[in-house]
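Novice: Read top to bottom, the protein sequences are chains A and B. When we follow the working numbering, the leftmost residue of the first sequence carries the number -8, and every step to the right adds one. When we follow the working numbering, the leftmost residue of the second sequence carries the number 3, and every step to the right adds one. If you scroll down you'll find the structure; I have some questions about it.
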Amino acid sequence: MTTFKKINREKSYLINIIALLFIFILPLTSANAEAGEDEKFSPGDMIMHHIQDAPEWHLWDGPYGTIPLPVILYSPNQGLSVFMSGRFEHGHASYQGYRVEEGHIVSESGDKFYDFSITKNVAQLLINVLVMLLLFISVAKAYKNRAGKAPKGMQSLIEPIILFIRDEIAKPNIGEKHNKYMPYLLTLFFFIWLGNLIGLTPGAANLTGNIAVTGSLAFFTLILTLFSSKSYYWKHIFWPPGVPTPIKFIIIPVEVIGILTKPFSLMIRLFVAITAGHVVLLSLLGLTFVFHSYLVGIGSTMIVLFINIIELLVATIQAYVFTLFTSMYIGMALEEEHH
Amino acid sequence: MELLTPSLGLIFWQTLVFLLLFAILRSFAWKPILNALRIREESIEEALAAAEEARDEMANLKVGNEKLLDEARHERESILKEARQAATSLRDEAKNEAVKATDKMIAEARVAIETEKKAAISEVKSLVAEFSLVIAEKIIRQKLGDEKDQKKIIDKYLQDIKLN
Chain A
-8 MTTFKKINRE KSYLINIIAL LFIFILPLTS ANAEAGEDEK FSPGDMIMHH IQDAPEWHLW
52 DGPYGTIPLP VILYSPNQGL SVFMSGRFEH GHASYQGYRV EEGHIVSESG DKFYDFSITK
112 NVAQLLINVL VMLLLFISVA KAYKNRAGKA PKGMQSLIEP IILFIRDEIA KPNIGEKHNK
172 YMPYLLTLFF FIWLGNLIGL TPGAANLTGN IAVTGSLAFF TLILTLFSSK SYYWKHIFWP
232 PGVPTPIKFI IIPVEVIGIL TKPFSLMIRL FVAITAGHVV LLSLLGLTFV FHSYLVGIGS
292 TMIVLFINII ELLVATIQAY VFTLFTSMYI GMALEEEHH
Chain B
3 MELLTPSLGL IFWQTLVFLL LFAILRSFAW KPILNALRIR EESIEEALAA AEEARDEMAN
63 LKVGNEKLLD EARHERESIL KEARQAATSL RDEAKNEAVK ATDKMIAEAR VAIETEKKAA
123 ISEVKSLVAE FSLVIAEKII RQKLGDEKDQ KKIIDKYLQD IKLN
């Protein structure tokens, strides 16, 4: 019986290792294909291409390698234009007065327009949200069906994380009223964490490493902080207690700027951590094609494997840190006089 | 610089989709999950408290039982003691009564014997008197006859008396 279990476990280890190898080899092959098309391989372009947004989802060169995505443009002169990004023919054609330049849609006439396209990142966002909805609603159902019983399956994976966020992040930093903020903190944590993890898989978009995404999340935190703030929070900013009056004139501007620097740091931290991770991984993979050497390829794959494991850690830490700081800011805003 | 410029479209979609995600998850996932967790924690706490209470009750019961047992033991001892005392006193009483009754019977017997004795003596006296009278009569009759005969008769009667 035990030997059978052992064999089974070894088998699952083997499957894991093979799966991991695939994960690290896949980006290699796609990068290889890119290098093949353009005689001269430019690692900088390859990296930027991977970490930036695009109107289409490029997986590999050749037929069916690029998934066209809907383009939604609005210009005051031309009105609304909706079409698939395949019309641009990978930047070779213009359509309805628009064309793609360096992964960006530009207007040929130079008119001002607003881009609401379902870009690669928006598509990734929709996929992530779908995954989250399926995952958490099914987990919630499990709680309903198995009321009063011990957690099972996905439930037992999610529950410790929820309890950790409640007991280690929300409760110590927010205090009594933490229950009110739990839904936001949980949504935030899982959005960032799953976004980071999905972003690490080959072919996926760098969603949580995009400054628009991290900026929006930081903005929600700012709004939530301002809306939950008590009078003491503002008193502390505009007339800090226990500080000599002349120094107050130095402190007050710092405190006022501090309202904005807090969410700003949230935005930058997540953006930098995730983007930098992707840049490091892609640079190491790029070495193979710069040196045109199998030996370097094997070496850099080993290092990429190691960095990827660190990236898994970073994905979790960044989600934790964003949630932690959000609850700290909420806690500060909720603080009362007697503290 | 490209990387640091947030695009309007992504901000728009991110805000819209994230808020929708938040709203949906809040009512369909987080609230049921958090409620279920709270209810489970409360039920576990209650169960623990109930167990503690039961244990305390058991201890109390044990103490009560011992107390009851002790009381019962004391009672038994006191009952036994009382019974023993009662038995002793009963026996003593019986003994005293028996002694008294015996004494009384002896006294009565003594009185009866005395009376019988007196009666016997008086009877003897009356008999003696009767005999004496008979003898005297006989003697007086013999006086009228021979002197020798008289003597003979007296001896004879005397012999008769002796024989009696």
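Don't be surprised by glycine CBs; every beta carbon is placed ideally from N, CA and C.
(1) If I follow the unbroken beta strand (DSSP E) through Arg332 (chain A), where does it start and stop?
(2) Taking Cβ positions only, does Leu261 (chain A) come closer than 8 Å to chain B?
(3) For Asn112 (chain A), which residues in chain B fall below 7 Å Cβ to Cβ?
(4) Run through DSSP, which three-state label would Phe74 (chain A) get?
(5) Would you check whether the ligand FMN has a heavy atom nearer than 7 Å to the C-beta of Lys239 (chain A)?
(6) Do we get a CB-CB distance below 8 Å when we pair Ala38 (chain B) with the residues of chain A?
(7) Chain B beta carbons: is any one of them nearer than 8 Å to that of Ile321 (chain A)?
(8) Under a Cβ-count criterion, where at least 16 other Cβ atoms within 10 Å of its own Cβ denotes burial, should Ser9 (chain B) be classed as buried or exposed?
(9) Rounded to whole angstroms, what is the Cα-Cα separation between Leu6 (chain B) and Ala52 (chain B)?
(10) Which residue comes first and which comes last in the alpha helix (DSSP H) that contains Leu125 (chain A)?
(11) Does His83 (chain A) come out as helix, strand or coil in the three-state DSSP assignment?
(12) Mind pulling the chain B residues with CB within less than 9 Å of Leu117 (chain A)?
(13) Inspect the beta-carbon positions of Pro244 (chain A) and Leu213 (chain A) and report whether they are closer than 8 Å.
(14) Here's the rule I'm using: 16 or more other beta-carbon atoms within 10 Å means buried, otherwise exposed. How should Tyr172 (chain A) be labelled?
(15) Output needed for Val270 (chain A): all residues of its chain with C-beta closer than 8 Å, excluding positions within five of it in sequence on either side, in chain order.
(16) Which first and last residues belong to the alpha helix (DSSP H) in which Ile156 (chain A) is found?
(17) Which same chain residues, not among the five before or five after Phe211 (chain A), have their C-beta less than 8 Å away from its C-beta?
(18) Quick one: does Leu124 (chain A) have its CB under 8 Å from some CB of chain B?
(19) With DSSP run on the structure shown, which of helix, strand or coil describes Ala22 (chain A)?
(20) Is it buried or exposed, Leu121 (chain A), if we count other Cβ atoms within 10 angstroms and call 16 or more buried?
(21) Report yes or no: is there a C-beta of chain A within less than 8 Å of the C-beta of Leu50 (chain B)?
(22) With DSSP as the reference, please indicate the residues paired to Ser66 (chain A) in a beta bridge.
Specialist: Reading off the structure:
(1) Given that chain A is displayed from residue -8 to residue 330, the structure contains no residue 332 (chain A) and the question cannot be resolved.
(2) As a first step, residue 261 (chain A) is located in the first sequence; it is residue number 270 there, counting from the start. No, Leu261 (chain A) does not count as interfacial toward chain B.
(3) Along the first sequence, one-based indexing puts residue 112 (chain A) at 121. Chain B residues near Asn112 (chain A): Leu12.
(4) As a working note, residue 74 (chain A) is residue 83 in the first sequence. Phe74 (chain A) falls in the strand class under three-state DSSP.
(5) Ligands are entirely absent from the displayed structure, and the ligand FMN is therefore not among its contents.
(6) Counted from its first residue, the second sequence places residue 38 (chain B) at position 36. Taking Cβ atoms only, chain A reaches closer than 8 Å to Ala38 (chain B), which makes this a yes.
(7) Start at 1 with the first residue of the first sequence, and residue 321 (chain A) comes out as number 330. No, because no Cβ of chain B sits closer than 8 Å to the Cβ of Ile321 (chain A).
(8) Residue 9 (chain B) sits at position 7 when you count from the first residue of the second sequence. Buried, because 16 or more other Cβ atoms sit within 10 Å of the Cβ of Ser9 (chain B).
(9) One-based indexing of the second sequence puts residue 6 (chain B) at position 4. One-based indexing of the second sequence puts residue 52 (chain B) at position 50. If I take the Cα positions, the gap works out to 60 Å.
(10) Your numbering for residue 125 (chain A) matches position 134 in the first sequence. Here the alpha helix (DSSP H) through Leu125 (chain A) covers 111 to 136.
(11) As a position in the first sequence, residue 83 (chain A) is number 92, starting the count at 1. Coil at His83 (chain A), not helix or strand.
(12) Mapped onto the first sequence, residue 117 (chain A) falls at position 126. Within chain B, the residues near Leu117 (chain A) are Trp15, Val19.
(13) Here residue 244 (chain A) refers to the residue found at position 253 of the first sequence. Here residue 213 (chain A) refers to the residue found at position 222 of the first sequence. Contact: no.
(14) Here residue 172 (chain A) corresponds to residue number 181 of the first sequence, with the count starting at 1. Looking at its Cβ environment, which holds 16 or more other Cβ atoms inside 10 Å, Tyr172 (chain A) is buried.
(15) Position 279 of the first sequence, counted from the start, is the residue given in the question as residue 270 (chain A). Contacts found: Ile38, Ile42.
(16) As a working mapping, residue 156 (chain A) is identified with position 165 in the first sequence. Per DSSP, Ile156 (chain A) belongs to no alpha helix (DSSP H) and is neither H nor E.
(17) Locating residue 211 (chain A) in the first sequence gives position 220, where the first residue counts as 1. The residues are Tyr175, Leu179.
(18) Reading the first sequence from its first residue, position 133 is the one you call residue 124 (chain A). It does: the Cβ of Leu124 (chain A) has a partner Cβ on chain B nearer than 8 Å.
(19) Numbered from 1 along the first sequence, position 31 holds the residue referred to as residue 22 (chain A). The pLDDT assigned to Ala22 (chain A) is 48, lower than 50, so where the model puts this residue is not dependable, and the model offers no usable value.
(20) Looking up residue 121 (chain A) in the first sequence gives position 130. Exposed.
(21) Here residue 50 (chain B) refers to the residue found at position 48 when the second sequence is read from its first residue. It does not; no Cβ of chain A falls within 8 Å.
(22) As a first step, residue 66 (chain A) is located in the first sequence; it is residue number 75 there, counting from the start. Its beta-bridge partners are A:Gly70.
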